[in-house]
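Numbering (our numbering), first residue to last: 15 to 583.
Each residue gets a CB set at the ideal place from its N, CA and C atoms; glycine is no exception.
None of these values were measured; they are calculated from a predicted model.
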RNA sequence: CGGGGUGUAGCUCAGCCUGGUAGAGCACUACGUUCGGGACGUAGGAGUCGCAGGUUCAAAUCCUGUCACCCCGACCA
């Protein structure tokens with residue numbers, strides 16, 4: 015492409031709308047433009063990268079035996095009624111009515127549609143297993159869209175759905191997708207990690223996420239420093255501390271702690287480590303009451319884990335002040351498990367404490383020397399907390415470490431979550447109707463582009479991984495308006511390289527060198543080729559990789575071969 | 001949903017407090033000089049000051065409402 019014919023300007027200044035780096039660079043480089051909150055247009059340069067990502071995904075999905083198709087973005091509400099998600103999904107599902115007042119929604123995902131197709135089309139186990147995928151626009155009405163295309167409302171997703179006659183086949187299909195995903199993310203040139211995950215609103219039992227590692231990532235991921243255990247913080251298992259609990263040594267005693275409402279206040283007031291205290295959180299229960307959740311003072315409650323407990327509402331909701339008062343007679347800040355009537359869960363680490371400190375359910379009062387069994391009966395042991403760095407890995411090997419990640423892929427074993435309510439049945443070998451087992455597999459295509467930038471940039475701009483760069487080579491003639499020779503050599507190179515199948519961005523603008531170099535670096539094209547009178551005198555051209563700090567000269571006659579060798583390496 | 005903030009030229013912003021002819025830089029157009037790291041000069045084009053109502057002789061500026069956008073929070077008692 016000739017840059018002189020690309021009418022979109024790069025920006026020197028950062029548009030006010032952009033907070034994160036990838037967003038800023040995408041706007042400055044002219045890859046995207048915002049239409050409204052969470053809605054972006056992809057300009058030609060951005061689309062080239064997007065298409066490259068799609069191509070890699072397509073190739074690997076096809077290679078894994080999946081079949082590409084395309085489903086409508088607008089979906090009838092009745093399908094969602096049938097699966098139960100019309101109620102479950104919440105306001106992220108953008109609902110609309112057509113002129114006949116019939117309910118529709120914009121598809122945030124396509125389990126319902128594909129299940130509907132499959133239940134109509136597939137009648138026999140002989141037609142299974144099968145995996146259908148599409149690369150298509152999704153809409154999720156995010157509470158707060160941000161970070162440009164990273165958390166947009168409209169975005170492009172590759173979604174795949176596999177169907178199986180039994181669980182064993184599902185596991186096999188899931189494994190195949192795991193492998194395909196690993197190949198996809200390897201091929202995009204990104205540093206990534208597969209982690210165990212919570213399956214969230216999609217539902218199902220087993221799931222793993224693929225994260226692009228980046229300091230700015232929205233998700234905390236944890237991994238063992240000795241083996242391959244890795245999980246999203248939401249899903250990371252906290253092991254119970256080893257060894258038996260110490261026997262009570264202190265008597266339960268109520269001490270005044272005026273104004274000490276937080277663990278921090280309390281620990282300071284009593285000159286005691288937060289890890290010797292417990293905090294008690296009251297959440298709404300399913301039967302109109304409250305449920306108490308107890309974690310060690312220095313630990314954080316994990317909402318995802320908590321909302322899966324029997325008797326706890328999902329999503330988790332903290333109890334109101336009124337409910338807390340009627341259940342305990344006091345206010346937040348002084349809650350404790352001693353004397354609490356009702357269902358009470360305690361985290362393993364809290365349960366391992368002896369002689370701990372807790373609220374006394376009385377304003378400005380706490381207990382010291384509290385002990386389980388002796389002072390608090392009926393606590394149910396559970397994993398309630400977020401793991402912390404240095405915890406033992408649940409795999410048994412090593413300690414847990416933290417990193418930040420951007421979720422770009424998620425694979426699920428759904429089982430019969432959709433086939434059951436929607437009656438996705440086939441006949442098995444013995445002629446019996448059986449529910450199909452289902453897997454689903456998503457990749458955030460547009461998000462990959464942003465994540466790639468988030469992981470690969472410097473102060474000058476984007477540094478595209480080669481496989482997804484919009485162009486492989488940027489060709490920069492210097493002073494071509496004044497030098498017929500520069501003009502001629504550059505034109506010829508552009509033709510030769512293009513003819514050799516190399517994607518070249520030809521900066522044939524009548525601009526000063528500084529402008530061209532700055533734009534080439536902002537745009538992040540991996541290989542830069544400079545044609546200038548200075549080098550041509552000696553029959554040389556100049557080459558520099560985007561990551562290099564120095565240019566190198568090479569004989570002009572070998573240009574195509576030289577560039578080829580650079581691309582290969 | 002709660003809190004905070006911002007809407008003035010395509011972009012980044014000043015002007016608003018203290019009402020009186022709408023500004024700068026970047027980008028854009030033309031000409032000239034310049035030309036290996038985001039040049040300079042001259043001349044120009046471009047804005048219903050988010051929208052609606054009000055106060056006033058007079059509103060970008062004050063008041064009310066409204067819309068849009070951005071940021072923070074939405075459990076750690």
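Classify residue i as buried or exposed, calling it buried when 16 or more other Cβ atoms lie within 10 Å of its own Cβ.
i: residue 23; result: exposed
i: residue 151; result: exposed
i: residue 513; result: exposed
i: residue 37; result: buried
i: residue 89; result: buried
i: residue 122; result: buried
i: residue 148; result: buried
i: residue 563; result: exposed
i: residue 31; result: exposed
i: residue 261; result: exposed
i: residue 302; result: exposed
i: residue 334; result: exposed
i: residue 6; result: Since the displayed the chain opens at 15 and closes at 583, residue 6 lies outside it and no answer follows.
i: residue 25; result: exposed
i: residue 475; result: buried
i: residue 114; result: exposed
i: residue 313; result: buried
i: residue 542; result: buried
i: residue 105; result: exposed
Hey, quick one: how far does the alpha helix (DSSP H) through residue i stretch, first residue to last?
i: residue 100; result: 99-102
i: residue 514; result: Element bounds for residue 514: n/a, residue is neither H nor E.
i: residue 340; result: 335-342
i: residue 279; result: 277-284
i: residue 383; result: Segment 379-384 is the beta strand (DSSP E) holding residue 383; no alpha helix (DSSP H) there.
i: residue 34; result: Note, residue 34: premise wrong, no alpha helix (DSSP H); not H, not E.
i: residue 550; result: 547-550
Hey, how far is the Cα of residue i from the Cα of residue j?
i: residue 436; j: residue 91; result: 14 Å
i: residue 174; j: residue 155; result: 22 Å
i: residue 249; j: residue 427; result: 16 Å
i: residue 351; j: residue 278; result: 19 Å
i: residue 458; j: residue 57; result: 18 Å
i: residue 64; j: residue 464; result: 10 Å
i: residue 400; j: residue 472; result: 33 Å
i: residue 21; j: residue 540; result: 22 Å
i: residue 172; j: residue 582; result: 29 Å
i: residue 53; j: residue 168; result: 6 Å
i: residue 81; j: residue 311; result: 51 Å
i: residue 381; j: residue 282; result: 15 Å
i: residue 231; j: residue 244; result: 16 Å
i: residue 153; j: residue 107; result: 8 Å
Give me the residue from the options with the minimum Cα distance to residue i.
i: residue 119; options: 101, 220 and 43; result: 101
i: residue 368; options: 314, 255, 155 and 158; result: 255
i: residue 442; options: 115, 124, 34 and 143; result: 143
i: residue 294; options: 300, 308 and 360; result: 308
i: residue 353; options: 290, 330, 458 and 388; result: 388
i: residue 430; options: 450, 400, 164 and 225; result: 450
i: residue 43; options: 573, 500, 544 and 537; result: 537
i: residue 146; options: 473, 206, 132 and 346; result: 132
i: residue 500; options: 411, 80, 547 and 511; result: 547
i: residue 233; options: 425, 138, 581 and 247; result: 247
i: residue 409; options: 86, 82, 242 and 569; result: 242
i: residue 8; options: 507, 162 and 192; result: No statement about residue 8 is possible, as the shown extent of the chain runs from 15 to 583 and does not include it.
i: residue 332; options: 516, 371 and 304; result: 304
i: residue 68; options: 396, 519 and 170; result: 170
i: residue 138; options: 556, 448 and 348; result: 448
i: residue 479; options: 347, 66, 321 and 47; result: 66
i: residue 97; options: 508, 128, 379 and 566; result: 128
i: residue 178; options: 141, 164 and 204; result: 141
i: residue 188; options: 212, 411 and 78; result: 78
Please determine whether the Cβ atom of residue i lies at a distance below 7 Å from any heavy atom of the ligand MN.
i: residue 92; result: Ligands in the displayed structure: none, and consequently the ligand MN is not present.
Starting from residue i, trace the beta strand (DSSP E) in both directions and tell me its first and last residue.
i: residue 527; result: Looking at the DSSP string, residue 527 is not in any beta strand (DSSP E); the run it does join, the alpha helix (DSSP H), is 527-537.
i: residue 186; result: Looking at the DSSP string, residue 186 is not in any beta strand (DSSP E); the run it does join, the alpha helix (DSSP H), is 181-201.
i: residue 1; result: The question about residue 1 has no answer, for the chain in this structure spans 15 to 583.
i: residue 362; result: Note, residue 362: premise wrong, no beta strand (DSSP E); alpha helix (DSSP H) at 362-365.
i: residue 298; result: 292-298
i: residue 233; result: 233-238
i: residue 210; result: 206-210
i: residue 425; result: 414-429
i: residue 170; result: 168-178
message: Runs of 3 residues minimum, wholly inside the region 41-125: which ones carry the beta strand (DSSP E) assignment?
response: 46-50, 53-56, 88-90, 109-111 and 117-120
Inside the region 433-491 only - alpha helix (DSSP H) runs reaching at least 4 residues: 459-469
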